[in-house]
Amino acid sequence: MIPGRNFPPRKPSRRENVNESIRAREVRAVFPDGTAEVMPTAAALRRAQELGLDLVVVSPTAVPPVAKAIDYGHYQYELKKKQHEAKKKQHVVQVKELKFRPNTDDHDYDFKKNHAIRFLQEGNRVKAVVQFRGREIAHTDLGRKLLIRFADDLLAYGAADGAPRMEGRNAHILLSPVKAVVKSEKPEKSEKPEKPEKTEKQPKPEAAKPASAATAEQPRQ
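Take 22 as the starting number for the sequence shown in the working numbering and just add one per residue.
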């Protein structure tokens, strides 16, 4: 029979900077009604308990420390919620690897170059690797030229962290994203076409009266 082990009892976890565990003699106490007052910690704690709340130090480095009269459980919930949202917004930079051969054709090269552009635009780093097999190791210059060409084609999206390097039977180069600020130029306002000047209407010429009417208008002698 295995003898039982005597484990020391667990100490209850003490909440730091909350209620009686606040070590500062005085604090700048902030209450739910918006009032803030510098007072002894004991008086601030007594007032918070009268409101049915906890006294929590939210800014321990301030002089004096800032303490709020709030519900500690709600405060912990809001704190964890903010940390979770900040973690979601945080972008983890990854290293995306693209493999080439010394004799990679143009179609495969362009296909992988487009992948590299997308990776760099997402904020990730790109590692281009040229693998040499068999007798290809005697032509490492072809791999270096390919990597230099690759880096030159991506200058607008990424910057090389140095010259191509050899590691065993592989040559590689590392590219980091470049944050290019593209300013959208406002299109120039097109000049309004000048309105054509209004031409004065000339009076229409009177129609010639018929001869019979002209003779009729002559006075009789």
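Idealized CB from N, CA, C, for every residue including glycine.
- Nearest to ALA69 by C-alpha distance, out of PRO81, ALA88, VAL79, is ALA88.
- Contact between the stretch 113 to 123 and the stretch 155 to 167 is present, with at least three C-beta pairs closer than 8 angstroms.
- ALA50 is the residue among ALA50, GLN152, GLU188, ALA63 whose C-alpha sits nearest the C-alpha of SER80.
- Following the DSSP letters along the chain, one finds GLN115 in no alpha helix (DSSP H), marked with neither H nor E.
- DSSP, read as helix, strand or coil, puts GLU157 in helix.
- Within a 10 Å sphere around the beta-carbon of ALA181 sit 16 or more other beta-carbons, which makes this residue buried.
- According to DSSP, GLY179 shares a beta bridge with PRO198.
- One thing to note: GLU71 has its Cβ no nearer than 9 angstroms to the Cβ of PRO61.
- Of the candidates LEU76, PHE171, LYS110, HIS95, the residue whose Cα lies closest to the Cα of ALA64 is LEU76.
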